[in-house]
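Peer 1: A single structure is presented below for examination.
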Amino acid sequence: MLSTESFKKIDQELEKYPVDQKQSAVMAALRIAQQEKDWLSDETIEAVANYLGMPPIAVFEVASFYNMYDLQAPGRYKLTVCTNLPCALSGGAVAGKYLKQKLGIEYNQTTADGQFTLKEGECMGACGDAPVMLVNNHRMCCKMTEAQIDQLLVELGK
Amino acid sequence: MSDKAYLLTGLNGDKTWGLADYIKRGGYEALKKILREQITPDAIIAELKKSALRGRGGAGFPTGLKWSFMPRQFPGAKYVCCNSDEGEPGTFKDRDLLRFNPHIVIEGMIIAGYAMGCERGYNYIHGEIFEIYERFEAALAEAREAGLLGKNILGSNFSFELFAHHGYGAYICGEETALLESIEGKKGQPRFKPPFPASYGLYGKPTTINNTETFASVPYIILNGGEAFLNLGKPNNGGTKLFSVSGHVERPGNYEVPLGTPFPELLEMAGGVRGGRKLKAVIPGGSSAPVLPASIIMDSTLDYDCIAKAGSMLGSGAVIVMDESTCMVKALERLSFFYHEESCGQCTPCREGTGWLYRVIHRIEHGQGRQEDIDLLDSVSENIMGRTICALGDAAAMPVKSFIKHFRDEFQYHIDNKRCLVPLELQREGSKIYVG
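Quick note, the sequences are listed as chains A and B, same order.
Taken in order, the first sequence gives residues 195 to 352; the numbers are from the numbering used here.
Taken in order, the second sequence gives residues 9 to 444; the numbers are from the numbering used here.
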């Protein structure tokens with residue numbers, strides 16, 4: 195089950211769409227649910243499905259299609275670094291390597307203490323600010339030099 | 009920034025995005041003019057046609073013509089949608105527009121709603137820029153509060169509601185019908201066309217989808233006339249355009265210049281090639297556009313027609329600059345990985361073909377290329393192109409074909425010598441972390 199607060203936020207999203215198109219709010223509902231629960235378990239997906247009057251499989255389809263939804267529990271902080279070509283030309287790939295080395299993990303792995311998960315991301319639409327990374331999907335960090343990566347990791351409690 | 013700039017003019021970073029500042033810059037005057045003078049939808053569309061405004065998202069389709077496709081006497085809902093799902097590698101202009109000038113997009117969409125008889129609109133915002141989505145929501149709230157959105161706008165009998173829809177990480181949703189599927193709460197898989205969105209769009213209703221920058225260009229045209237807009241650029245290429253310059257330049261960023269500006273001028277605005285190195289190649293319109301070698305791009309002007317003649321596309325105006333430190337095989341490998349990753353899986357040639365392309369380029373890059381691989385890449389690309397529902401297949405194939413066309417020697421060198429033509433040290437030097 196989700197908290198009352200999350201359901202309230204979902205209600206606000208529902209207001210954006212025609213009354214007979216509740217399914218349109220499913221992406222926002224999954225985002226809100228993931229914010230609360232950190233990831234989307236089968237139970238969470240079912241809660242969203244019930245609330246929107248959708249079959250759970252239809253909600254799962256959406257959750258598995260868009261790559262910012264987490265279907266497995268990530269570490270406390272999910273760091274996604276863009277390594278696509280425009281970013282790579284300005285150090286995106288180097289920043290990814292540096293993070294791997296600092297955290298002692300590869301892409302798609304989580305540190306043993308459960309603090310950090312490292313992901314390789316696709317274009318975030320911020321290529322002019324490379325190297326770019328996201329913290330837990332919603333916070334974008336731009337122009338990340340090695341010094342700034344160090345600072346970020348300290349801030350996040352490494 | 010050019011003195012003709014109107015999209016980003018008078019902006020001061022994060023400080024002046026709000027309604028009060030937008031109004032100070034002359035904002036919402038175009039909307040007020042339409043309502044005050046009761047300008048007809050037909051007159052607006054005629055003005056757009058005169059302006060030669062072409063879609064800023066990539067295809068460059070004439071906007072006035074697109075708007076004229078919407079049925080006039082349709083009983084029931086019609087929709088206008090903004091495509092801010094900016095995920096084409098190299099493109100980051102809509103993010104700055106929404107961040108620094110969100111109301112210009114809102115005003116453009118309201119005018120679009122008026123011109124096409126729509127009472128509701130959605131702006132689909134790229135998943136990875138959540139903070140900008142929140143800003144756009146804040147701008148919408150300001151506009152509602154001021155009576156610029158909602159019922160009976162500014163006391164007129166025109167009503168229009170506008171909402172933001174936040175994506176969650178799928179490049180394919182930048183394709184307009186995938187975007188509609190996504191708003192409907194489904195997987196973003198493109199639809200067959202026809203029927204086109206103007207007859208069967210969102211929720212099966214007539215819908216027009218334009219790019220963020222396209223909508224942002226509309227208020228200027230209403231206030232100054234189509235001809236003034238046309239004169240900013242060159243014939244058949246009206247207006248200024250935002251160019252997102254990334255890669256090996258001293259000052260990556262967005263630059264607004266008149267269409268028809270010579271490429272070397274833009275390169276200079278961005279500080280020139282980084283470290284004084286030699287320009288090698290440029291992808292002029294986002295990663296899906298064919299790459300052009302330095303000799304061709306340096307002789308080109310930045311407009312739809314000239315770049316098409318040079319063998320590429322102006323696309324979204326995303327200019328990816330690569331200097332002599334770039335290994336073209338490695339560059340293509342990364343792009344091919346992207347298309348494989350982002351293929352929605354609906355059409356076999358794209359789903360299987362993009363993976364095949366990536367695997368072959370990967371093995372060439374890693375010293376396991378076979379003599380027949382270059383022709384194989386060409387043939388796989390040929391067999392993807394034109395055989396898929398949407399343009400992602402072509403978008404994956406075009407870089408491959410163009411990289412091979414212009415840099416075949418470098419691919420051959422990799423296969424023959426099992427290593428890069430460009431020394432690794434130079435590659436590292438060119439693409440280390442750079443914050444200009």
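Positions of the beta carbon are idealized from the N, C-alpha and C atoms, including for glycine.
A quick note: this is a predicted structure, and the numbers were derived from the prediction, not measured.
1. How many whole angstroms separate the CB atoms of residue 113/B and residue 216/B, which I take to be in contact at a CB cut-off of 8 angstroms?
2. Could you check if residue 21/B is buried or exposed, using at least 16 other CB atoms within 10 Å of its CB as the buried criterion?
3. For the region 284-300 of chain B, enumerate the residues whose C-beta is nearer than 7 angstroms to any C-beta of chain A, in chain order.
4. Would you kindly check if the distance between the Cβ of residue 324/B and the Cβ of residue 449/B is under 8 angstroms?
5. Report the three-state DSSP secondary structure of residue 311/A (helix, strand or coil).
6. Taking 8 angstroms as the CB-CB limit, is residue 399/B close to chain A?
7. Measuring alpha carbon to alpha carbon, tell me which residue in 436/B, 144/B and 167/B is nearest residue 449/B.
8. To test your reading of the DSSP string, which unbroken alpha helix (DSSP H) runs of 4 or more residues are found completely within the region 224-292 of chain B?
9. What did DSSP end up calling residue 292/A once you bin it into helix, strand or coil?
10. Would you please verify whether the beta carbon of residue 260/A is less than 8 angstroms from any beta carbon of chain B?
11. For residue 272/A, write down the residues that DSSP places opposite it in a beta bridge.
12. Whose Cβ in chain A lies nearer than 7 angstroms to the Cβ of residue 443/B?
13. Listed in chain order, which residues of the region 229-260 of chain B have Cβ atoms closer than 8 angstroms to some Cβ of chain A?
14. Name the chain A residues that come within less than 8 angstroms of residue 139/B, Cβ to Cβ?
15. Closer than 7 angstroms by beta-carbon distance: list the chain B residues that pair up with residue 220/A, in chain order.
16. Three-state secondary structure (DSSP) at residue 316/A?
17. Please state whether the Cβ-Cβ distance between residue 123/B and residue 52/B is less than 8 angstroms.
18. Mind listing which residues of the region 76-99 of chain B have their C-beta closer than 8 angstroms to chain A's C-betas, in chain order?
19. Is it true that the region 189-205 of chain B meets the region 145-159 of chain B, where meeting means three or more beta-carbon pairs spaced less than 8 angstroms apart?
20. Closest to residue 310/A by C-alpha separation, out of 197/A, 350/A, 229/A and 335/A, would be which residue?
21. Measure the beta-carbon distance from residue 291/B to residue 285/A and round it to whole angstroms, keeping in mind my assumption that it falls under 8 angstroms.
22. Taking the Cβ atom as the reference point for each residue, do residue 281/B and residue 274/B lie within a distance shorter than 8 angstroms?
23. If residue 225/B and residue 61/B are in contact, beta carbons under 8 angstroms, what's the gap, nearest whole angstrom?
24. Under 8 angstroms between C-beta atoms, does residue 532/B make it to chain A?
25. I need the straight-line Cα distance from residue 295/A to residue 176/B, nearest angstrom please.
26. From the beta carbon of residue 171/B, is the nearest beta carbon of chain A less than 8 angstroms away?
27. Who pairs with residue 19/B in a beta bridge, going by DSSP?
28. For residue 312/A, I'd like the list of residues in its chain whose CB is within less than 7 angstroms of its CB, leaving aside the five on either flank, ordered along the chain.
29. Taking the alpha-carbon positions, what's the residue 73/B to residue 129/B distance?
30. Alpha carbon to alpha carbon, what distance is there between residue 333/A and residue 250/A?
31. Could you list which residues in chain A have their beta carbon closer than 8 angstroms to that of residue 196/B, in chain order?
32. Smallest Cα separation from residue 276/A: which of 326/A, 221/A and 214/A?
33. Residue range of the beta strand (DSSP E) that residue 89/B falls in?
34. Taking 7 angstroms as the limit between beta carbons, can you name the residues of its chain near residue 383/B, skipping five residues before and five after?
35. In this structure, what does DSSP give as the bridge partners for residue 107/B?
36. Would you kindly check if the distance between the Cβ of residue 65/B and the Cβ of residue 262/B is under 8 angstroms?
Peer 2: The answer reads as follows:
1. Locating residue 113/B in the second sequence gives position 105, counting from the first residue. Locating residue 216/B in the second sequence gives position 208, counting from the first residue. The Cβ separation is near 15 angstroms, so there is no contact.
2. For the purposes of this step, residue 21/B is identified with residue 13 of the second sequence, where counting begins at 1. Classification for residue 21/B: exposed.
3. 295
4. Outside the displayed range of chain B (9 to 444) lies residue 449/B, so it cannot be described from this structure.
5. Here the question's residue 311/A lines up with position 117 in the first sequence. Reduced to three states, the DSSP call for residue 311/A is strand.
6. On the second sequence, residue 399/B is found 391 positions in, with the first residue counted as 1. No, no contact with chain A.
7. Examination of residue 449/B is not possible in this model, given that chain B is present from 9 through 444 alone.
8. 234-240 and 271-277
9. Within the first sequence, the letter at position 98 stands for residue 292/A. Residue 292/A carries a helical assignment under DSSP once its states are collapsed to helix, strand and coil.
10. Within the first sequence, the letter at position 66 stands for residue 260/A. Answer yes: the Cβ-Cβ gap between residue 260/A and chain B drops below 8 angstroms somewhere.
11. What you label residue 272/A is simply residue 78 of the first sequence in a count that begins at 1. DSSP output for residue 272/A lists 311/A as bridge partner(s).
12. Within the second sequence, residue 443/B is the residue found at index 435, counting from 1. The contacting residues are 337 and 339.
13. Cβ contacts with chain A come from 252, 253, 254, 255, 256 and 260.
14. On the second sequence, position 131 is the one that residue 139/B refers to. Residues of chain A passing the Cβ test: 332, 333 and 334.
15. The count along the first sequence starts at 1 and reaches residue 220/A at position 26. Residues of chain B passing the Cβ test: 193.
16. Taking the first residue of the first sequence as 1, we reach residue 316/A at position 122. The answer is coil: DSSP assigns residue 316/A none of H, G, I, E or B.
17. By 1-based counting over the second sequence, the position of residue 123/B is 115. By 1-based counting over the second sequence, the position of residue 52/B is 44. Cβ atoms of residue 123/B and residue 52/B: closer than 8 angstroms.
18. 85, 94, 95, 96, 97, 98 and 99
19. no
20. As a first step, residue 310/A must be located in the first sequence, where it is residue number 116. Of the listed residues, the one whose Cα sits closest to residue 310/A is 350/A.
21. The sequence position of residue 291/B within the second sequence is 283, counting from 1. The sequence position of residue 285/A within the first sequence is 91, counting from 1. Between residue 285/A and residue 291/B the Cβ distance is about 18 angstroms, and since that is not below 8 angstroms, they are no contact.
22. On the second sequence, position 273 is the one that residue 281/B refers to. On the second sequence, position 266 is the one that residue 274/B refers to. No, the Cβ-Cβ distance between residue 281/B and residue 274/B is not below 8 angstroms.
23. Stepping through the second sequence from its first residue, residue 225/B is reached at position 217. Stepping through the second sequence from its first residue, residue 61/B is reached at position 53. Right, their Cβ atoms sit about 6 angstroms apart.
24. For residue 532/B there is no data in the structure shown, the boundaries of chain B being 9 and 444.
25. What you label residue 295/A is simply residue 101 of the first sequence in a count that begins at 1. What you label residue 176/B is simply residue 168 of the second sequence in a count that begins at 1. Near 28 angstroms, if we compare the C-alpha coordinates of residue 176/B and residue 295/A.
26. Indexing the second sequence from 1 puts residue 171/B at position 163. Interface criterion met: the Cβ of residue 171/B is under 8 angstroms from a Cβ in chain A.
27. Your numbering for residue 19/B matches position 11 in the second sequence. DSSP, once it has assigned bridges, lists no residue as partnering residue 19/B.
28. Taking the first sequence and counting its residues from 1, the one referred to as residue 312/A is at position 118. Contacts found: 273, 293, 294, 297, 299, 301 and 303.
29. Position 65 of the second sequence, counted from the start, is the residue given in the question as residue 73/B. Position 121 of the second sequence, counted from the start, is the residue given in the question as residue 129/B. Cα to Cα, residue 73/B sits roughly 19 angstroms from residue 129/B.
30. If you number the first sequence from 1, residue 250/A lands on position 56. If you number the first sequence from 1, residue 333/A lands on position 139. Going by the C-alpha atoms only, they are around 29 angstroms apart.
31. On the second sequence, position 188 is the one that residue 196/B refers to. Those are 259 and 260, listed as they occur along chain A.
32. As a working note, residue 276/A is residue 82 in the first sequence. Taking only the C-alpha atoms, the option nearest residue 276/A is 326/A.
33. What you label residue 89/B is simply residue 81 of the second sequence in a count that begins at 1. Run containing residue 89/B: 87-92, per the beta strand (DSSP E) assignment.
34. Within the second sequence, numbered from 1, the residue matching residue 383/B stands at position 375. Within the same chain, residue 383/B has no close Cβ partners at all.
35. For this step, residue 107/B is matched to residue 99 along the second sequence. DSSP lists no partner for residue 107/B.
36. The sequence position of residue 262/B within the second sequence is 254, counting from 1. The sequence position of residue 65/B within the second sequence is 57, counting from 1. It is not a contact, given that the beta carbons lie outside the stated cut-off.
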